[in-house]
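>
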Amino acid sequence: MQRSAGRAHVVMGPRGLIDLSQRGSAKAMLPRMTAGLPEIVFLNTSGGLASGDRLAFAVDLRPGTRALATTQTAERAYRATDDPAQAQVSLTVGAGGWLDWLPQETILFHGSKLDRHTRIDLAGDAGCMLLETVVLGRIAMDEVPARLHLRDRREVYRDGRILHHDALALNDATLPRLAGPALTGTARALATLAVIAPHAPDLLTRARDVLDEPGVTGAASAPPGRLVIRLLAQGDWPLRRQVNRLLGALRPDPLPRIWQV
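Quick note: the sequence shown uses numbering that gives the first Met the number 0, first residue 0, plus one each step.
1. For Ala145, does the three-state DSSP call read helix, strand or coil?
2. Quick test of your reading: Leu121 and Ile195, contact by CB under 8 Å. State the CB separation rounded to the nearest angstrom.
3. Around the C-beta of Asp82, are 16 or more other C-beta atoms found within 10 angstroms, so that it is buried, or is it exposed?
4. Give the single residue among Asp158, Asp114 and Asn243 whose Cα lies nearest to the Cα of Gln103.
5. Are the C-beta atoms of Ser111 and some chain B residue less than 8 Å apart?
6. Tell me, please, which residues DSSP counts as bridged to Met32.
7. Does Ala166 come out as helix, strand or coil in the three-state DSSP assignment?
8. Hey, how far is the Cα of Ala145 from the Cα of Ser111?
9. Hey, how far is the Cα of Trp100 from the Cα of Ala172?
10. For Asp252, which three-state DSSP category applies?
11. Is the beta carbon of Leu67 closer than 8 Å to that of Leu113?
12. Does the structure place the stretch 246 to 259 close enough to the stretch 55 to 62 that three or more beta carbon pairs sit under 8 Å?
13. Can you find the residues in the same chain that come closer than 6 Å, C-beta to C-beta, to Val276, ignoring five residues on each side of it along the sequence?
14. With DSSP collapsed to three states, give me the class of Gly5.
15. Give the DSSP-derived three-state secondary structure of Leu101 in the structure shown.
16. Strictly by DSSP, which residues pair up with Asp120?
17. Judging by CA-CA distance, which residue of Ala206, Gly159 and Arg187 is the nearest neighbour of Gly214?
18. With burial defined as no fewer than 16 other Cβ atoms inside 10 Å of the residue's Cβ, what is the status of His163: buried or exposed?
19. For Gln241, which three-state DSSP category applies?
20. State yes or no: is the C-beta of Leu189 within less than 8 Å of the C-beta of Leu230?
21. Rounded C-beta distance between Leu107 and Ala76? I'm assuming under 8 Å.
22. Would Ala4 and Ser24 be called neighbours here (beta carbons separated by less than 8 Å)?
23. With distances taken between CB atoms, is the gap from Cys127 to Leu98 smaller than 8 Å?
24. Taking the alpha-carbon of Gln21 as reference, which of Leu203, Ser220 and Arg6 has the nearest alpha-carbon?
25. Would His109 and Leu147 be called neighbours here (beta carbons separated by less than 8 Å)?
26. Tell me which same chain residues have a C-beta within less than 6 Å of the C-beta of Thr132, skipping the five on either side of it?
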């Protein structure tokens, strides 16, 4: 069967783009910005992830560089008949730099299979914000997936030492148990927003003050050097509104321009 494969890699310095390489179905765009952080927009021209597809995005921010990276649209994981699709995100932030990794949501279709690994390497006093949003099924079509496979890992390292590890695994056996009160209940959309920086715990009160979107359940905690917020919602739009409110409270910059189209 035909498989898609793609890799896009962006290197940026304080004065802008240093290098851009892309091949296959992975592309990267750098919109001209007049306000806020410089933006990197990744896209998958294959239209989604199917069985056996391979997709890789990478960003390398040189020391003193600040940027935002996002995706052009929601990523869709389609029904797989064989091996899982593989997605790799590799992000490097030099000393004194900052990266907001704010991809749009991933929609898991019934029968989809996806293995994804996101790794961020921070140097010195660099920091980052990372968002991950997962939607179970096509909510507009009232699709409730009864079968899927997801292995999703997010890791953040500073100078080679791990600071943050977050993992989510779903499969046919665990899906029926998600409806329990200690897990997702009736929620079909879930998100995690994390800030990794020495000042991150100072943002806890600000984050909790805006966890007020109707239809969204949220909680925030602040381990040393981190702020972690988890959100559950029955629909993707209430969840998006809550995420937008959090980003507005926690960031001095405007939302990604591509989100506002």
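Backbone N, C-alpha and C fix where the C-beta goes; we use that ideal spot for every residue, glycine too.
In terms of the structure at hand:
1. Within the sequence shown, numbered from 1, the residue matching residue 145 stands at position 146. Correct three-state label for Ala145: coil.
2. The residue given as residue 121 occupies position 122 in the sequence shown. The residue given as residue 195 occupies position 196 in the sequence shown. Correct: roughly 7 Å between the Cβ atoms.
3. Position 83 of the sequence shown, counted from the start, is the residue given in the question as residue 82. Residue environment analysis places Asp82 among the exposed positions, since fewer than 16 neighbouring C-beta atoms fall within 10 angstroms of its C-beta.
4. Residue 103 sits at position 104 when you count from the first residue of the sequence shown. The shortest Cα separation from Gln103 among Asp158, Asp114 and Asn243 belongs to Asn243.
5. Protein chains in the displayed structure number just one, and chain B is not present.
6. Position 33 of the sequence shown, counting from 1, holds the residue named residue 32. Answer by DSSP bridge pairing: none, since Met32 is not bridged.
7. Locating residue 166 in the sequence shown gives position 167, where the first residue counts as 1. Ala166: strand per DSSP, three-state reduction.
8. Your numbering for residue 145 matches position 146 in the sequence shown. Your numbering for residue 111 matches position 112 in the sequence shown. Here the alpha carbons of Ser111 and Ala145 stand approximately 10 Å from one another.
9. In the sequence shown, the residue the question calls residue 100 occupies position 101. In the sequence shown, the residue the question calls residue 172 occupies position 173. Trp100 and Ala172: Cα-Cα distance of roughly 31 Å.
10. What you label residue 252 is simply residue 253 of the sequence shown in a count that begins at 1. Reduced to three states, the DSSP call for Asp252 is coil.
11. Position 114 of the sequence shown, counting from 1, holds the residue named residue 113. Position 68 of the sequence shown, counting from 1, holds the residue named residue 67. Going by C-beta atoms, Leu113 is not nearer than 8 Å to Leu67.
12. Short answer: they don't touch.
13. This structure leaves residue 276 out entirely; the chain is present only between 0 and 260.
14. The count along the sequence shown starts at 1 and reaches residue 5 at position 6. Under the three-state reduction of DSSP output, Gly5 falls in the strand class.
15. Taking the sequence shown and counting its residues from 1, one reaches residue 101 at position 102. The answer is coil: DSSP assigns Leu101 none of H, G, I, E or B.
16. Here residue 120 corresponds to residue number 121 of the sequence shown, with the count starting at 1. Asp120 pairs with Thr91 and Tyr156.
17. Translated into the one-based positions of the sequence shown, residue 214 becomes position 215. Taking only the C-alpha atoms, the option nearest Gly214 is Arg187.
18. Mapped onto the sequence shown, residue 163 falls at position 164. That one is buried.
19. Here the question's residue 241 lines up with position 242 in the sequence shown. Annotated three-state conformation of Gln241 is helix, per DSSP.
20. By one-based count along the sequence shown, residue 189 stands at place 190. By one-based count along the sequence shown, residue 230 stands at place 231. With respect to Leu230, Leu189 sits close: the two C-beta atoms are nearer than 8 Å.
21. By one-based count along the sequence shown, residue 107 stands at place 108. By one-based count along the sequence shown, residue 76 stands at place 77. That belief holds up - the Cβ atoms of Leu107 and Ala76 are roughly 5 Å apart, short of 8 Å.
22. Within the sequence shown, residue 4 is the residue found at index 5, counting from 1. Within the sequence shown, residue 24 is the residue found at index 25, counting from 1. Judged by their CB atoms, Ala4 and Ser24 are nearer to each other than the 8 Å cut-off.
23. Here residue 127 corresponds to residue number 128 of the sequence shown, with the count starting at 1. Here residue 98 corresponds to residue number 99 of the sequence shown, with the count starting at 1. It is a contact, given that the beta carbons lie within the stated cut-off.
24. Position 22 of the sequence shown, counting from 1, holds the residue named residue 21. Gln21 has its Cα closest to that of Arg6, out of Leu203, Ser220 and Arg6.
25. Against the sequence shown, residue 109 aligns to sequence position 110. Against the sequence shown, residue 147 aligns to sequence position 148. Cβ distance < 8 Å, so His109 and Leu147 count as in contact.
26. Looking up residue 132 in the sequence shown gives position 133. If the five residues before and after Thr132 are omitted, its C-beta is found closer than 6 Å to the C-beta atoms of Glu104 and Ala190, all from its own chain and listed in chain order.
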